[in-house]
Structures are given as C-alpha cells and as structure tokens.
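J.:
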Amino acid sequence: MPRTRKVTVSTDVHGHTAGWSETPEAPPVTPAPDPTAAAFFDVDNTMMQGASIYWFARGLAARKYFTTGDLARFAWQQAKFRLLATEHAGDMSQAKEAALAFIQGWRVDDVERLAEEIFDELMAPRIWAGTRRLAQRHLAAGQRVWLVSAAPVEIGRVIATRLGLTGAIGTIAEVVDGAYTGRLVGDLMHGPAKAEAVTQLAAVEGLDLSRCAAYSDSANDLPMLSTVGHPVAVNPDPALLRQARARGWDVRDFRTGRRAVKIAVPSTAAAGLLAGAVTAGLALHRRRHHRPD
0 MPRTRKVTVS TDVHGHTAGW SETPEAPPVT PAPDPTAAAF FDVDNTMMQG
50 ASIYWFARGL AARKYFTTGD LARFAWQQAK FRLLATEHAG DMSQAKEAAL
100 AFIQGWRVDD VERLAEEIFD ELMAPRIWAG TRRLAQRHLA AGQRVWLVSA
150 APVEIGRVIA TRLGLTGAIG TIAEVVDGAY TGRLVGDLMH GPAKAEAVTQ
200 LAAVEGLDLS RCAAYSDSAN DLPMLSTVGH PVAVNPDPAL LRQARARGWD
250 VRDFRTGRRA VKIAVPSTAA AGLLAGAVTA GLALHRRRHH RPD
C-alpha cells in the first residue's frame, strides 16, 4: 500500500490557484528499544475477565469435549479454590499430579489450533481494555511485554500473539513426538514459581528488574510483584489491595459496582483452578478416549 501523501495547494494574491505540491508524510515513529526494562502481566482477571483455562474448557465443551455438567464442576472448583484464603502443600501436590493430565495423548498443534479458535470466540471479548492499554504503553516505550500465567504456556502464547505482545511464560507440559504425555515439566507456574521464572528471564534477557513492572489481581502473585521495581495491582482481590495500600503500590481497577463483585468470585487461584479443571477433564477423557481431530 503506498504511503499517504500530503497535498499542499497555494493561491496567488487574487485567490486563484497558483500550484500544488505533494509532500510525503513522515513515516511512523518506531520507538527506540529499551532493552533493560520490561513488563510482566498476569492473565486471569488481570488481562482478561475470568480464567483463561476456564474459557478454554468452555470452548472445548461447545465442541463436545466436555459436558455441561463437567463445566459446572469446573466453575465450582474455580470458585472454591479462590475462596480458600490459604494454600496447603497437599493441595499443591494434588494440583501438580492432576495438571494437564486430561490432554494426555493430544497433539500440540491441535491444542494450539483450538486455543486460537477459542480465544477469538470467548477470550478476546473479555480482554480488559484498560489493562491492554497499559501493555501497549510499555510496547510504545520500546519495552518488551510478557504474559505470566499458570495456564498451559500454549494458551498464554496464543493470547500474547493475538495481543501483539512479546511472549508468554506458563505451565509447561511434557511433549514426546508432538503429543502431550500428561506430565508437567517442572512446577506449576504459580506463586513463587512466577517470581523465579521472571528472575531467570531477566538474567537471560539482560533486564534490570528495578526498571521492570509487574501487574496482577491476586495476592498469590505477591512474590512476582515484589520482584520488580514497579508493581501494580490490577482489579485486586482484597488481600492484594491491602498489601498494595500498605506498600504504596499503584492500584488500577477496571471493574465497576456490582460487576466488580461478580467477577471477584469466579476469578482463580490458578493452581487450584488447574487442579479442579483437569481432574474433571481427566475423568471425562478416560471415559471417552476422545482426541481432537
């Protein structure tokens, strides 16, 4: 497509057209790279309303991979783990054993294709416009922007690509010959694991964490928020809001009135959501021996 050109028309003293000229418009300004600063965004209830893996499961249900009953149990587990104020070692152990087992045998490219379809259908309309603007400001400043989520990294990668972000950090499933084994590589990307991942990425990419920013809605992400120089609480849960006020952190809330209350309940403690979701999925998967096609 040719670049738009600016047309200048001049007139003589009698008001008659004396001539015209075309001046090429200045090319769009590309921000100078800022290689030592970056931003890290939690996904669930920070970048989007609700939990990405819940919407993924809902999309699978619409495609007959789950039943309506499975989805209801899925949502109940989401609320249950969110309402639990504390986490126990047993809960995390169970979550790790169950996580991603429901996609055992599925092809990676099939899951990525489904994630793209479901993002466009169910997730894109639920992206918080305010949070997306925050991410765009970092990009406009020449900084890189990563999503950091307990959801499978394939889902995070799709969201990051659709939003024009740098990339995603997420829970990694073991893959052999292009298919999932149902086991994790390392730990769930949750709580302290997020802080460790951000620190490791900073070392590899040459980031100065004191110049970096992090955004989250959940007190579970206090380790990650405390790792950077510019932590921001977005749509915060009560525990994070208290901490943010006590520490003088910036707070951004894109919810209003009753909507804020409604969204607070289904938001997820990500590891808990994964545990509940994939346990239901695992039972269904074993019962039906169903694979994407």
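The numbers in numbering that gives the first Met the number 0 rise by one with no breaks, and the one at position 179 of the sequence shown is 178. Just so it is clear, CB atoms sit at the ideal spot from N, CA and C, and this is done for glycine as well.
#1: Does the beta-carbon distance from residue 239 to residue 212 come in below 7 Å?
#2: Are any of the Cβ atoms in chain D nearer than 7 Å to that of residue 42?
#3: Excluding sequence positions up to five away, which residues of its chain have a Cβ less than 8 Å from the Cβ of residue 125?
#4: Quick one: grab the DSSP three-state call for residue 232.
#5: Any idea if residue 113 is buried or exposed, counting beta-carbon neighbours within 10 angstroms, 16 or more meaning buried?
#6: Which residue marks the beginning of the beta strand (DSSP E) containing residue 198, and which one marks its end?
#7: Report the three-state DSSP secondary structure of residue 151 (helix, strand or coil).
#8: Within 8 Å, do at least three Cβ pairs link the region 186-201 to the region 154-174?
#9: When burial is assigned at 16 or more other CB atoms within 10 Å of the CB, is residue 207 buried or exposed?
#10: Can you tell which of 224, 214, 222 has the C-alpha that lies nearest to the C-alpha of residue 132?
#11: Shortest alpha-carbon distance to residue 160 belongs to which of 149, 174, 144?
#12: Can you say whether residue 237 is buried or exposed, counting buried as having 16 or more other CB atoms within 10 angstroms of its CB?
#13: With residue 172 as the anchor, note down where its beta strand (DSSP E) starts and where it stops.
#14: In whole angstroms, what is the alpha-carbon distance linking residue 226 and residue 192?
#15: Taking 8 Å as the limit between beta carbons, can you name the residues of its chain near residue 205, skipping five residues before and five after?
#16: Which class does residue 104 belong to by DSSP, given the choice of helix, strand or coil?
#17: Considering only C-alpha positions, which residue in the set 153, 162, 52 is nearest to residue 107?
#18: I'd like to check one pair, residue 216 with residue 235: are the Cβ atoms closer than 7 Å?
#19: State the Cα-Cα distance for the pair residue 42 and residue 155, rounded to the nearest angstrom.
#20: How long is the line joining the alpha carbons of residue 119 and residue 148, rounded to whole angstroms?
#21: For residue 200, which of 229, 38, 31 has the nearest alpha-carbon?
T.: Working from what's here:
#1: Not in contact: residue 239 and residue 212 (Cβ atoms no closer than 7 Å).
#2: The structure shown has no chain D; it contains just one protein chain.
#3: Counting only Cβ-Cβ distances below 8 Å, and skipping sequence neighbours, we find 47, 48, 49, 54.
#4: Residue 232 falls in the strand class under three-state DSSP.
#5: Classification for residue 113: buried.
#6: First-last for residue 198: 191-204, but that is the alpha helix (DSSP H), not the beta strand (DSSP E).
#7: Residue 151: strand per DSSP, three-state reduction.
#8: With a cut-off of 8 Å, the region 186-201 and the region 154-174 count as touching, because enough Cβ pairs lie within range.
#9: Only exposed fits residue 207, as fewer than 16 other CB atoms lie within 10 angstroms of its CB.
#10: Looking at the Cα atoms, 214 is the closest of the given residues.
#11: A check of alpha carbon separations from residue 160 across 149, 174, 144 identifies 144 as the nearest.
#12: Counting every other CB atom within 10 Å of its CB across the protein chains shown gives residue 237 a total below 16, marking it as exposed.
#13: From DSSP, the beta strand (DSSP E) with residue 172 extends over 172-175.
#14: Going by the C-alpha atoms only, they are around 12 Å apart.
#15: The answer, listed in chain order, is 34, 35.
#16: In the structure shown, residue 104 sits in coil (DSSP, three-state: anything other than H, G, I, E or B).
#17: For residue 107, the nearest C-alpha among the options comes from 153.
#18: By the CB criterion at 7 Å, residue 235 and residue 216 fall inside the cutoff.
#19: For residue 42 and residue 155, the distance between alpha carbons rounds to 8 Å.
#20: Rounded to the nearest angstrom, the two C-alpha atoms are 19 Å apart.
#21: Of the candidates 229, 38, 31, the one whose C-alpha sits nearest the C-alpha of residue 200 is 38.
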